Every structure is written in C-alpha cells, then in structure tokens.
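Undergrad: Count along the sequence shown from 1, add 879, and you get the number used in my numbering.
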Amino acid sequence: MNQPNATSFPPRFIWGVATSSYQIEGAAHEDGRSQSIWDTFCATPGKVLNGENGDVACDHYHRLENDLDLIQSLGVNAYRFSVAWPRIVPDGRGATNRTGLDFYNRLVDGLLARGITPWPTLYHWDLPQVLQDRGGWPARDTALAFGDYAEVVTAELGDRVKHWITINEPWCAAFLGYGNGIHAPGHTDLAESFATSHHLLLAHGLGVQAVRANAPGAQVGITLNLAGAYPAVNSEADKAAAHRQDGFANRWYLDPVFGRDYPQDFVDLLGAASPQAQGLVLPGDLEIIAAPTDFLGVNMYSRNVVEDAPGEGFLGLRQVHVAGSEYTGFDWEVAPQSLTDLMLRLQKDYNPAALYITENGATYPDSVEDDGTVHDGARTRYFQQHITAVGDALAGGAKMAGYFAWSLMDNFEWAEGYDKRFGIVHVDFETQARTLKQSGQWYRDFLVRAQEGQPA
Ligand code: FCB
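(1) So, for residue 1149: in the same chain, excluding its five sequence neighbours on each side, which residues have a beta-carbon less than 7 Å away from its beta-carbon?
(2) Taking Cβ positions, are residue 1234 and residue 1175 nearer each other than 7 Å?
(3) Would you mind stating whether residue 935 and residue 979 have Cβ atoms separated by less than 7 Å?
(4) Whole angstroms are fine: how far does the CA of residue 1238 sit from the CA of residue 1325?
(5) Going straight from the alpha carbon of residue 1275 to that of residue 1222, what length do you get?
(6) Does DSSP put residue 1047 in a helix, in a strand, or in coil?
(7) If you drop the 5 nearest sequence neighbours on each side, which residues of the same chain put their C-beta closer than 7 Å to that of residue 917?
(8) Can you tell me where the beta strand (DSSP E) holding residue 1187 begins and where it ends?
(9) Output yes or no for whether 7 Å exceeds the beta carbon distance between residue 1069 and residue 1120.
(10) Please classify residue 963 as buried or exposed, where buried requires at least 16 other C-beta atoms within 10 Å of its C-beta.
(11) Taking the DSSP output, what are the residues bridged to residue 1313?
(12) Go ahead and pull the three-state DSSP assignment for residue 978.
(13) Closest by CA to residue 896, which one among 1020, 1130, 961 and 1145?
(14) Do the stretch 1072-1088 and the stretch 1191-1206 meet, that is, are 3 or more Cβ pairs less than 8 Å apart?
(15) Pull up the distance between the alpha-carbon of residue 943 and that of residue 907, whole angstroms please.
(16) For residue 1026, does the three-state DSSP call read helix, strand or coil?
(17) Whole angstroms are fine: how far does the CA of residue 970 sit from the CA of residue 913?
(18) Could you tell me how far apart the beta carbons of residue 1198 and residue 1178 are, in whole angstroms, since I believe they sit closer than 8 Å?
(19) Measuring alpha carbon to alpha carbon, tell me which residue in 1038, 1015 and 1242 is nearest residue 1053.
(20) Near residue 1137, which residues of its chain fall below 6 Å by C-beta distance, leaving aside the five closest residues on each side in sequence?
(21) Say yes only if the C-beta of residue 1301 is nearer than 6 Å to one or more non-hydrogen atoms of the ligand FCB, and no if none qualify.
(22) Between the Cα of residue 891 and those of 996, 940 and 1143, spot the shortest distance and give me the residue it belongs to.
(23) Could you check which residue in 1131, 1107 and 1167 has the C-alpha nearest to that of residue 1087?
(24) Which residues in the same chain as residue 1140 place their Cβ atom closer than 7 Å to its Cβ, once the five residues preceding and following it in sequence are excluded?
(25) Should residue 937 be counted as a contact of the ligand FCB given a C-beta to heavy atom distance under 6 Å?
(26) Does the beta-carbon distance from residue 1158 to residue 1145 come in below 7 Å?
(27) Relative to the alpha-carbon of residue 1271, which residue among 993, 925, 937 and 1219 has its alpha-carbon at the smallest distance?
(28) Ordered along the chain, which non-local residues of its own chain (more than five positions away) have a Cβ less than 6 Å from that of residue 849?
(29) For residue 1310, count neighbouring C-beta atoms within 10 Å of its own C-beta (all shown protein chains included) and say buried if the count is 16 or more, exposed if not.
(30) Does the pairing of the stretch 981-989 with the stretch 1015-1027 give three or more beta-carbon distances under 8 Å?
(31) Which of the three DSSP states is assigned to residue 893 in this structure?
(32) What number of angstroms, rounded off, separates the C-alpha of residue 958 from the C-alpha of residue 1245?
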C-alpha cells in the first residue's frame, strides 16, 4: 500500500540524501575552524538535551572517504551538504582558511568521481561566533559578511559545483534562534527575530549574486521550511488563525523571494517588531532578495493544524493534534497529502522554475537488533507515502525536479542532541559504526527501479 510508482518519475529526476555541516562533521576545533554559535549554545547549560554537542558528531570530517562510499552505495545521484562558514572564514570576515576550503574540495571531487552531483548549502545555521559577538543576524553587517563568504566559496568550487542552495530554513534560524530561543544563539526577542529574517533573505540575495558571478550556468535557489496551515475546524476564527500561521511560516519568506514584497497583513500584525517599523528594509533590498532563482527548495516534514486562541503568543493561535492521525517521534503529524497540496499551491501562487524537496524524513527511536538490522518500518512507510505525494504533485502539474531524504545518517539533531534519529543509516555514536536501516534498503531498491524506469 502506498508504494510510490518508480516509473512515474522522469529519468533525470534528482534523488538524493541530505546532511548539514554542524550535524555530522565533528572536528569542531581542528584545522583552523573557529567557534560557531552552535558550539557556544551547546556549551550553555540547559540548552541542548543531555548537554550534548557537535564536537565529534558523526566524525564525518575524518571519515570522508568512507562516507562518500556509503553515499554511493545508496545509488543516489545527488548529495546535499552544507559548508561550515567557521572553517572557511574563521574571523567571520576577512582572511580565508585554505585547509577549510580543501576539505570541501575533497568532498566535491570525491562526489564527482563517484558520479554524484554535489548540492552544497552555504548556510545551515553555524554562524561564526565572532559575528554573533558583533551583533549576529539582527545586524545588517552579518548579511554583508555572508555575501563575502559566499563569494569565497563559489569562487573556489564554482568550476565544479552547478547547484547551490543559499540559506537553509530562514524561519528556523530567525524564529527558533532569536524568537523563542530553542536554537542558537538562544535569544527571545521578536523584533530581533524579524530583523534576522530580513537579513537572512538579504543574505540569500547576495548569495545568488555570488553564484551568478562565479559559477556561470549554475542553478541556485533558497531552501525554505514550509508547512501547509490548516484550520482545526471550519470556522471563520480558525480559518483566520490558519491564515496568520501561513503568513508566519510560509508567505513571510515566499512573497519577498518571489518579488512581491513582504505580506502586508503580517507586517501589520508584527507592528513595531516588523523589519519595516525597525527601519531595516533599505532601498534596493527587495530587488536583491527577489533576484530570479532557478528553483525553490522546500523542506517538508509535516503540516500545521491550528485553532484560534486569542492572547496565545503573538499569533493568537494554538497547534492542535488531529484525532486519528499518526505522529512521528518529534510529535509531527504524518501528513503526506499536505505535501502534494503545498507543491500545487506553490506552483500556482509563485510559479517557481522548479521545485525540489530538499529535506523530508521522520524520527523514530531505532535500535540495531541482534541480527544486525534496524527495522524502521514506520520510517519506511513515511518515505513511501511522501515520495508518492511528490509523484502526485508532479502529475498534478507542479514542476517537481528532485527529492532529498533527510538524512543520510543519524546525527546531531540540534536542541535534541543525539536523541532524535532521522537517518536512513544508523550511527552508533560510541563506535561510529554505520548500519543501513531497512528504510535505507528500501530507498536504495526504489532508486534502482526509478533510474531503470521499472515498475515498482
Ligand atoms: C530541519 C533542519 C535539519 C534537521 C531537520 C530534522 O529543520 O534543516 O537540519 O534538523 O529539520
């Protein structure tokens, strides 16, 4: 049931797995890497479950060749990873660190030698701490520093890398980082959080400029975490709450990236906390942010079902559980139909040149059993349902061009430390042993059929 039809995807469809630098690399204090806001946050008592950190993580930095072989063994044709800014420009701005660049040269060359297309993300949350000390993302200078850093990375890798993602999930970096403080740097200030959102979008635009200048013919886009917003019941009050949620999570980022300025209803809702009221949207910013891109990357895990709740938070709403729905280990509803709906809506409302699912996956408590296997049936079903939903979106007219499973392997799951496993490969964090889970076996076998054009 719900087995995706491998033959419904075009032969050139991109099938990948995704990771990010801080979550897998380790080697946090080696080869000239400076401290990131995540190192600082992890060292702050009470911020990360069990006081864990990314010092070692999956030790990917030292196990690069083996991990590249592992990626190849999955049969994917693309690998999404991120570049760690503190390895490349340790002082945030200024001198570049050759050793850091060479790590990514080896990574890119190793992928290409194995026939795998590299898909780097320039920023997946590991801001150099020195830049946080100078104001962090609420300061416009951080976006300008990002532009310089993007210039360095694209100049170095742009001869070989033809697909670039500028920023990963600005909503998370802005709101979790500066709004509710669950992520680094752990600030709780609504105005800072919305200043951050504007500067991250500005950084995206500057990143697009760097890719255009240094990697001619390459494709570039941003990755947003988007989730359909649904009213709990079909009342005017809940529908209005869902519209506010949609403004917060989706339209706030989509509208300016696609050239429509920020949504006025949400600017009004924010009042003094909006970047407009703070005087941060300078002439020319919106043009930079709206530079044409080649695709939209979407990280999709679930949907939001909300009810009106006057006085609750600045949005006046509350997330609700849906009776009869299944939830993953993060308490996220399994809602594959919402992926199809979201893609069709994006195509209709924003008309991106192409759509990629740049992350999709689920966490469940896994263990390696005595026979050496990880029976992660719920995760396998999750992938089957969501890949089916991608196929449905494609059939419905959305320009779906690729899908990346999150994640290649279990890793450091931010504030949840190593407790939440998302990998299709299990990692034993004591021994660093990697074990392909059943979901990984299923994905590998599915990709054989998809790439041969065989029926499922
Ligand atoms: C996304 C992040 C990714 C990972 C998944 C589970 O928000 O981009 O790094 O943590 O969630």
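Just so it is clear, CB atoms sit at the ideal spot from N, CA and C, and this is done for glycine as well. These numbers were taken from a predicted model, which means no experiment stands behind them.
TA: Once the coordinates are examined:
(1) The answer, listed in chain order, is 1073.
(2) Between residue 1234 and residue 1175, the gap from beta carbon to beta carbon is short of 7 Å.
(3) With contacts defined as CB atoms closer than 7 Å, residue 935 and residue 979 fail to qualify as a contacting pair.
(4) So the alpha carbons of these two residues sit roughly 18 Å apart.
(5) Cα to Cα, residue 1275 sits roughly 9 Å from residue 1222.
(6) In the three-state reduction of the DSSP assignment, residue 1047 falls in the strand class.
(7) Close CB contacts of residue 917 within its chain, under the 7 Å cut and outside five residues either way in sequence, are with 901, 933, 1004, 1005 and 1063 (chain order).
(8) 1183-1187 is the span of the beta strand (DSSP E), which, as asked, contains residue 1187.
(9) With a cutoff of 7 Å on beta-carbon distance, residue 1069 and residue 1120 are scored as not near each other.
(10) If you draw a 10 Å sphere on the C-beta of residue 963, you find 16 or more other C-beta atoms in it, and that means buried.
(11) Looking at the DSSP assignment, residue 1313 forms a beta bridge with 1306.
(12) Of the three classes helix, strand and coil, the one that applies to residue 978 here is helix, per DSSP.
(13) Comparing Cα positions, the closest option is 961.
(14) Segment contact: the stretch 1072-1088 against the stretch 1191-1206, fewer than three CB-CB distances shorter than 8 Å; contact not assigned.
(15) When rounded, the distance between both Cα atoms is 15 Å.
(16) Correct three-state label for residue 1026: helix.
(17) Looking at the two C-alpha atoms, the distance is approximately 7 Å.
(18) The C-beta distance from residue 1198 to residue 1178 rounds to 18 Å, too long to fall under 8 Å, and the pair is not in contact.
(19) Nearest option by C-alpha distance: 1015.
(20) Non-local C-beta neighbours of residue 1137 in its own chain, meaning closer than 6 Å and more than five positions away in sequence, comprise 1229, ordered along the chain.
(21) Residue 1301: yes, Cβ under 6 Å from the ligand FCB.
(22) Ranking the options by Cα distance to residue 891, first place goes to 996.
(23) Distances from the CA of residue 1087 to each of 1131, 1107 and 1167 were compared; the closest alpha carbon is that of 1167.
(24) Same-chain partners within the cutoff: 1134 and 1165.
(25) For residue 937, the Cβ stays outside the 6 Å cut-off from all heavy atoms of the ligand FCB.
(26) Residue 1145 sits away from residue 1158, with the two beta carbons spaced by 7 Å or more.
(27) That would be 1219, whose Cα lies nearest to the Cα of residue 1271.
(28) Examination of residue 849 is not possible in this model, given that the chain is present from 880 through 1335 alone.
(29) Exposed, because fewer than 16 other Cβ atoms sit within 10 Å of the Cβ of residue 1310.
(30) At 8 Å Cβ cutoff, the stretches do not touch.
(31) Here residue 893 sits in strand by DSSP.
(32) In this structure, the CA atom of residue 958 is about 24 Å from the CA atom of residue 1245.
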